[in-house]
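In what follows, a single structure is set out as structure tokens and then discussed.
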Amino acid sequence: MKIEVKSEKLQDCTAQCVVVGVFEDEQALPTSLKEVDEKMDGVLTGLFADGEISGKKKSTQFIHTFGKTAVRRIMMIGLGKQEELSFEDMREISARAVKEALRAKITQIAFVSNKEVDVLGASDAAHAFVEGALLANYRFPGYHKETEEKPELEELTVLCAEETASEVTEGVRVAEALARGTNLARDLVNMPGNYLTPTVLSEKAKEIAERYNMKVEILDKADLEVYGMGGLLGVSQGSIEPPKLIAIKYQGTDKWENVVGFVGKGITFDSGGISLKPGAGMDEMKGDMGGAAAVLGALEAIGTLKPAINIAAVIPTTENMPSGSALKPGDVITTMSGKTVEILNTDAEGRLILADGMSYARKIGASYLIDLATLTGAAIVALGTCTTAALTNDEALMEEVMEAAGEAGELLWRLPGYKPYMNQIKSQIADLKNTGGRNAGAITAGLFVGEFAEGTPWVHLDIAGTAWADKADDLSPAGGTGAMVRTLATLALRRTEQGERD
Ligand code: BES
Ligand code: MN
Ligand code: ZN
1 MKIEVKSEKL QDCTAQCVVV GVFEDEQALP TSLKEVDEKM DGVLTGLFAD
51 GEISGKKKST QFIHTFGKTA VRRIMMIGLG KQEELSFEDM REISARAVKE
101 ALRAKITQIA FVSNKEVDVL GASDAAHAFV EGALLANYRF PGYHKETEEK
151 PELEELTVLC AEETASEVTE GVRVAEALAR GTNLARDLVN MPGNYLTPTV
201 LSEKAKEIAE RYNMKVEILD KADLEVYGMG GLLGVSQGSI EPPKLIAIKY
251 QGTDKWENVV GFVGKGITFD SGGISLKPGA GMDEMKGDMG GAAAVLGALE
301 AIGTLKPAIN IAAVIPTTEN MPSGSALKPG DVITTMSGKT VEILNTDAEG
351 RLILADGMSY ARKIGASYLI DLATLTGAAI VALGTCTTAA LTNDEALMEE
401 VMEAAGEAGE LLWRLPGYKP YMNQIKSQIA DLKNTGGRNA GAITAGLFVG
451 EFAEGTPWVH LDIAGTAWAD KADDLSPAGG TGAMVRTLAT LALRRTEQGE
501 RD
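Following this line, the structure appears as structure tokens:
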């Protein structure tokens, strides 16, 4: 798709449709439409006066110019009340405009950056247009014998004044990278388990890393044995698919220091293992690599934006399957850290592979750790599907992640990591047990992972609820959402702007 910034007058724009926002409290037609209105003998002013052009948030109205101007079609879209318009609203409004356009088989659209710029600033307004548009344009093609032809956006233009062109261009650049990363994560989550095996996931990771000249290392079973990664090996032993550990280094500064570790859970299918899950909804467990997808999506964005920071991305990946060779309840395993774990439920597998992922991220130099995982049903019970659950051992890093999420427009809420919860995961015969029972399930799972940070500042993000959507919304179809890609990438950009901590 072609994305352009043009300092062109609305009436001269040759895109199939120009989208113009109108506020609810507006008394007159937007000034950018003045010349079109004159050429059309005041038709637009008339429609406005009659109340046919509505500023109600997300309402849309097509206006045809019948050859009177170069611009063929205008879509008026309601922005709601001027004093209430936020970045997130603008993104959803843009998404709605794209969906309406596609419904009318319009594949080239232009956004006019005028009034809303006063509220959001030129760069943020352009960012919101483009991010909203690209997220709304996403579709997973699927595996049909004959693919259904559906209109897709081909050209996206942002029309702006010459004075704001450089700011607008910067907003567009960031938005495009973030949206591309998010859509990549969505694709990975939407891929069925038979297509996206741990081996295929490693190949995809390698492709992304190589595209952006990042160092990549894929550890196979023999390597995992050398490191004593009993967590990852244990979970994988019931599957015929070989496990992998993907490690990617993005180095944006001269020295490999102040490295942020992104550790993503990469279970390509979670059947529960011997503690088998119920059948209903088990198919969704093809998305149990949402954490890995978020990490790879963020790397895709970071590879384009090239922030001056260092990232160590680590993805332990395997299937969790029942079989004669599978891990059993009661078994005790030894992780790379040396800590032992009593397995009480083989369906609590994410924390076992993350344990080794965290140790490996520390080994390759991570001085901060952020793990991302579709870890617990309990996170969904606690916060539903719109908010990611967080846990930490470090106030400053938590604050940083919260701010990045706020800027990226993703919802996050912190759970308490108080010490007494640790009692729930202490074992009689090993250092830890892998479940702490039903109570506070999202917290005990997070704290289990935190044990492998071993004092390194760490934030845990449980995306079990947010990585997958049962229903479509403005910005995303049903299925993989790409949750936390934008937060991770925004965190990387903010670190560059602010200079690294310490
Ligand atoms: N992958 C699941 C968590 C999950 C559930 C993700 C629903 C997305 C949607 C995880 O491996 C799991 O099975 N967790 C168990 C832990 C329990 C056995 C302690 C759970 O949440 O039930
Ligand atoms: Mn599980
Ligand atoms: Zn799982």
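Each step along the sequence shown adds one to the number in UniProt numbering, with nothing skipped, and position 412 is 412.
Ideal Cβ placement from N, Cα and C applies to all residues, glycine included.
Continuous alpha helix (DSSP H) stretch holding residue i: start and end
i: Q498; result: V485 to Q498
i: Y212; result: Y212 -> no alpha helix (DSSP H), and no H or E assigned at all.
i: E38; result: K34 to K39
i: T268; result: Not the alpha helix (DSSP H): T268 falls in the beta strand (DSSP E), residues G266 to D270.
i: E403; result: E395 to A408
i: R414; result: No alpha helix (DSSP H) holds R414; the beta strand (DSSP E) holding it covers L412 to R414.
i: D223; result: K221 to Y227
i: D356; result: G350 to K363
i: A378; result: G377 to L383
i: A49; result: V43 to A49
i: L233; result: G230 to S236
Residue i versus residue j - alpha carbon distance
i: K277; j: T435; result: 15 Å
i: I106; j: A378; result: 43 Å
i: E342; j: A348; result: 11 Å
i: V5; j: S476; result: 25 Å
i: K206; j: V216; result: 6 Å
i: I218; j: M484; result: 24 Å
i: E225; j: L415; result: 35 Å
i: K271; j: A28; result: The displayed chain sequence assigns Ser, not Lys, to residue 271. S271 and A28: Cα-Cα distance of roughly 59 Å.
i: C17; j: N439; result: 54 Å
i: K433; j: K58; result: 50 Å
i: A70; j: E8; result: 12 Å
i: M90; j: G78; result: 10 Å
i: M191; j: K150; result: 20 Å
i: R501; j: E400; result: Annotation note: pLDDT 47 at R501 (below 50); position unreliable, coordinate value reported separately. When rounded, the distance between both Cα atoms is 10 Å.
i: V259; j: Y368; result: 6 Å
i: S323; j: L233; result: 14 Å
i: D470; j: M282; result: 13 Å
i: S325; j: W256; result: 41 Å
i: V449; j: A301; result: 26 Å
i: Y212; j: T304; result: 7 Å
i: G338; j: V295; result: 26 Å
i: R486; j: G406; result: 10 Å
i: L120; j: Q82; result: 10 Å
i: A122; j: E35; result: 23 Å
i: T157; j: V168; result: 11 Å
i: L85; j: I364; result: 44 Å
i: S275; j: L352; result: 15 Å
i: G280; j: L196; result: It should be pointed out that residue 280 corresponds to Ala in this sequence rather than to Gly. Straight-line Cα distance between these residues: approximately 21 Å.
i: E52; j: T387; result: 37 Å
i: G142; j: V332; result: 40 Å
i: N393; j: I370; result: 11 Å
i: residue 510; j: R495; result: Residue 510 cannot be examined here, being either before or after the span of the chain that is shown, 1 to 502.
Supposed contact pair residue j and residue i - C-beta distance, whole angstroms, cut 8 Å
i: A97; j: V22; result: The pair is not a contact, with the Cβ atoms about 12 Å apart (cut-off 8 Å).
i: T317; j: K249; result: With a Cβ gap of about 17 Å, T317 and K249 do not count as contacting.
i: G228; j: M75; result: About 60 Å separates the two Cβ atoms, so there is no contact after all.
i: E155; j: K2; result: 5 Å
i: A373; j: L354; result: 6 Å
i: L391; j: G409; result: About 22 Å separates the two Cβ atoms, so there is no contact after all.
i: M289; j: S239; result: Incorrect: roughly 14 Å between the Cβ atoms, too far for contact.
Bounding residues of the beta strand (DSSP E) (the contiguous stretch that carries residue i)
i: N190; result: No beta strand (DSSP E) contains N190, which is instead part of the alpha helix (DSSP H) from A165 to N190.
i: T334; result: V332 to T334
i: A389; result: T388 to T392
i: F23; result: C17 to F23
i: L369; result: A366 to A373
i: L327; result: Counting along the chain, L327 falls outside any beta strand (DSSP E), and DSSP gives it neither H nor E.
i: L156; result: E155 to L159
i: K6; result: K2 to K6
Checklist line | Contained beta strand (DSSP E) runs [length at least 3] in the segment 418 to 481, N- to C-terminal order | finding: 458 to 462
Next item on the list: Would you list, in sequence order, the uninterrupted alpha helix (DSSP H) runs of no fewer than 4 residues that lie entirely inside the segment 63 to 134?
Entry: 87 to 103 and 115 to 120
Next item on the list: Collect the residues with a C-beta less than 5 Å away from any heavy atom of the ligand BES and give them in sequence order along the chain.
Entry: D270, D288, N345, D347, A348, G350, T374, T376, G377, T435 and A464
Next item on the list: Taking only runs that begin and end inside the segment 278 to 324, name each unbroken alpha helix (DSSP H) of 4 or more residues, in chain order.
Entry: 290 to 305
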